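Presented below is the structure to which this report refers.
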Amino acid sequence: MNLVIFAKNLNLMKFLIVLSIVCTFSSLCAQDTLKPFLRQIKEAYVQFDSLRPAAVKDSAPKVSGLVERKDAKIDLLIEDYLENKKFNGYRIQIFSSSNNKLDAIQAKSEFLKSFSDIKSYLVYQAPNFKVRVGDFLDRLEANKQLLLIQEAFPSAFLVKCEVEPNVKK
């Protein structure tokens, strides 16, 4: 029984010691009492540095500027990354059919007759063939184009997916 009481008192003492240390450091930081101490250390270092012999000071290598050295392949990797990077954006789906690829191809060709400047994609998501058009990064731009496309394809709607926008360098 005495051993249990002793263990509880020991844990209480450890807790009180840790609590007092935390309180002490927090009060030191809150009152900015460490700043003068750190300033004294810095001044002592400057004084010590001024006492070093000139030969020791001058032997350190001097860096006047940075020289960029890179392999030519890095530029090729960056260019390839920018060309193949995909972003989250929107496309307009104008057609969907289950297991009828010919109808999807026909819808794509009809779209390209009317809107030859907009990129179109034939997507297969089992068991459906879908025709999606455009690469839009924001919804506002996609909605503007959707209104124009809905005149020719009334069932067209927006789809959120990965797009391949033209990256201008």
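Heads up: the sequence shown is residues 23 to 191, going by our numbering.
A virtual CB, placed ideally from N, CA and C, is assigned to each residue, including glycine.
All values derive from a computational prediction rather than experimental measurement.
Neighbourhood of residue i by C-beta, 6 angstroms cutoff - its chain only, sequence neighbours within 5 removed
i    : result
K191 : Because the pLDDT at K191 is just 42, under 50, the model does not fix this residue reliably, and the point stays unresolved.
D140 : The sequence shown places Ile at residue 140, not Asp. Once the five neighbours on either side are set aside, the close Cβ partners of I140 are V155 and G156.
S120 : P149 and N150
Q172 : A178
Coarse secondary structure for residue i, derived from DSSP in three states
i    : result
D206 : There is no way to answer for residue 206, as the model of the chain reaches only from 23 to 191.
I116 : strand
L144 : strand
N150 : strand
V89  : coil
K191 : Residue confidence is low: K191 scores 42 on pLDDT, short of 50, so the model does not pin down where it sits. Its coordinate-derived value is still stated next. Three-state DSSP puts K191 in coil, outside helix and strand.
DSSP beta-bridge partners of residue i
i    : result
G111 : C183
L98  : Paired residues: none, contrary to the question.
V40  : Paired residue(s): none; V40 is not in a bridge.
Own chain residues within Cβ distance below 7 angstroms of residue i, not counting five before or after
i    : result
L134 : S142
F117 : A126, A129, K152 and V153
L168 : I114, A178 and L180
E186 : K108 and D157
8 angstroms CB neighbourhood of residue i in its chain, flanking five on each side removed
i    : result
N165 : L180
N122 : F151
K182 : N110, G111 and Y112
V21  : Here the chain comprises residues numbered 23 to 191, so residue 21 is not present and cannot be evaluated.
> Any contact of the stretch 119-136 with the stretch 151-167, i.e. 3+ C-beta pairs under 8 angstroms?
Replying inline: yes
>> With three or more C-beta pairs closer than 8 angstroms as the rule, is the stretch 157-173 touching the stretch 105-117?
In response: yes
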